[in-house]
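In the working numbering, the protein residues as written are 21 to 477.
Think of the CB as a built atom: it goes at the ideal place given N, C-alpha and C, for glycine as much as any other residue.
Presented below is the structure to which this report refers.
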């Protein structure tokens, strides 16, 4: 083997070793950090910190679990975790009670759901943002949520005083045809980069097709666009693609990802969610109908309460009510052991989806503490949770409201027509019974007189 071959093999081995080292594992993955904050940190605080933290004084077994470094270093018997390998992690062995000499917590085993969360966390690489040492928080260090909110970009008023760079300021380059182009060109120039060359008409056509409808153009469509020399050829193409039913299908999938759409509950038997497909079709139709975004949001949050619902002209269905179905399309456990805990987790999932999709904020973090990044208080979280817990789940008839009203009116007419006859028949029957009451009373009295002593009538 040549020197170069040996060198590169060793370099590759070194790279793999670095990739597998605990210090580089999953530390900065946003989804992993969120999982840690929602499930692992509360679990450690509640069950472990009393004996295994800096505040505990002399940590038992010389094991500190309140920092990432402490977890990786471990205690007297070795590292607490091996990121990516739950079976080799002493922490998992201890909480699972697999080792008779190592069982934590010592008095009561953790619920299996908590153990499963720890196993899942270690398997995903044990993401943990707790770099450095813990520190006691004094009053002067207390988090000021109002101050944080005043600084956070999401709570700032919209600025309308930002003007696009002038043509002269960007050098009058022909590439910048619009204000958006000039913004982009200014940033490129600041980074000492040059714009890409103009795409060919064939390339432009393919990009538009894949961007807007997710499908490639046919050979015939390519030839038509390439040979179209009219000034509005581009605009005509864009309008045609926007009018395609595939536009809603292409972009609807992104929205369905945002709201975590699924047609099953995602637990054990993975049972189906009734009528879930209606919400999917609703999203596709809304995008194809170019429904204003503010209407779209209202329909999602409380579409079943809209006084004048939006009606689909083709199906005559109540579209507004179907938007609210997104609240109940999340993951759920069937036959939960802890019913209250399961309800809290369902509501938490609803809050998490709603806040990320519509607010662009991670409100879910405020379940356990005031959210220091997005400036959301725990009070706000539980106010929103109360709103959801006071709402119920039920299936709603979304067929044509006009047809529903027509059927209701027909039934009401039938009732009105038959009501008088029914009342007369009832009155006649009662009158007959009343007229014979005098015959029944003496017989009833005779029966009572003949009841043996000590027995009830």
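- Checking the DSSP bridge columns, you'll see residue 119 partnered with 122.
- Separation of residue 203 and residue 185 (C-alpha to C-alpha, rounded to the nearest whole angstrom) is 6 Å.
- Scanning the region 174-219 for uninterrupted alpha helix (DSSP H) segments of 4 residues or longer gives 199-210, listed from N- to C-terminal end.
- Contact between residue 99 and residue 146 does not hold, since their C-beta atoms are separated by about 11 Å, which reaches or exceeds 8 Å.
- If you draw a straight line from the Cα of residue 389 to the Cα of residue 398, it comes to about 6 Å.
- Residue 57 sits away from residue 364, with the two beta carbons spaced by 8 Å or more.
- Using a Cβ-Cβ distance cut-off of 8 Å, the region 401-421 and the region 187-196 are not in contact, since fewer than three pairs of beta carbons, one from each stretch, lie closer than that value.
- A distance below 8 Å separates the beta carbons of residue 323 and residue 342.
- For residue 452, the enclosing alpha helix (DSSP H) covers residues 421-455.
- Spanning the alpha carbons of residue 466 and residue 430 requires a straight line of approximately 53 Å.
- Rounded to the nearest whole angstrom, the CA to CA distance from residue 462 to residue 359 is 60 Å.
- Around the beta carbon of residue 405, 16 or more other beta carbons lie within 10 angstroms, which makes this residue buried.
- A straight-line Cα-Cα distance of about 20 Å links residue 305 and residue 325.
- For residue 311 against residue 373, the beta-carbon gap comes to about 20 Å, at or over 8 Å, which does not count as contact.
- Residue pairing by DSSP puts residue 284 in a beta bridge opposite 292.
- In this structure, the CA atom of residue 71 is about 49 Å from the CA atom of residue 299.
- Classified as buried, residue 52 has 16 or more neighbouring CB atoms from the shown chains inside 10 Å of its CB.
- Taking the CA atoms as reference points, residue 213 sits about 21 Å from residue 220.
- Shown here for residue 124: same chain residues with a beta carbon closer than 7 Å to its own, the five before and five after excluded, namely 114 and 115 in chain order.
- Between residue 329 and residue 315, the gap from beta carbon to beta carbon reaches 8 Å or more.
- Between residue 171 and residue 178, the alpha-carbon positions lie close to 14 Å from each other.
- Taking all protein chains in view, the Cβ of residue 319 is crowded by 16 or more other Cβ atoms within 10 Å, so the residue is classified as buried.
- Around the C-beta of residue 371, 16 or more other C-beta atoms lie within 10 Å, and the residue is accordingly described as buried.
- Residue state for residue 268 is assigned as helix, using DSSP reduced to three classes.
- Under the criterion of beta carbons closer than 8 Å, residue 229 and residue 239 do not qualify as touching, at roughly 12 Å.
- Pairwise C-beta distances place the region 288-299 in contact with the region 346-353, as three or more of them are shorter than 8 Å.
- The closest CA to that of residue 195, considering only 252, 217 and 117, is found on 217.
- Scanning its chain for C-beta atoms nearer than 7 Å, with the 5 sequence neighbours on each side dropped, one finds around residue 68 the residues 85, in chain order.
- In this structure, the alpha-carbon of residue 436 lies about 48 Å from that of residue 469.
- Residue range 339-343 is occupied by the alpha helix (DSSP H) that includes residue 343.
- Between the alpha carbons of residue 215 and residue 62 lies a gap of roughly 49 Å.
- In the structure shown, residue 391 falls within a strand segment according to DSSP collapsed to helix, strand and coil.
- Per DSSP, reduced to three states, the secondary structure at residue 139 is helical.
- With distances taken between CA atoms, residue 408 lies nearest to 344 out of 201, 344 and 249.
- Between residue 232 and residue 276, the CB-CB gap reaches or exceeds 8 Å.
- With 16 or more other CB atoms across the displayed protein chains lying within 10 angstroms of its CB, residue 395 is buried.
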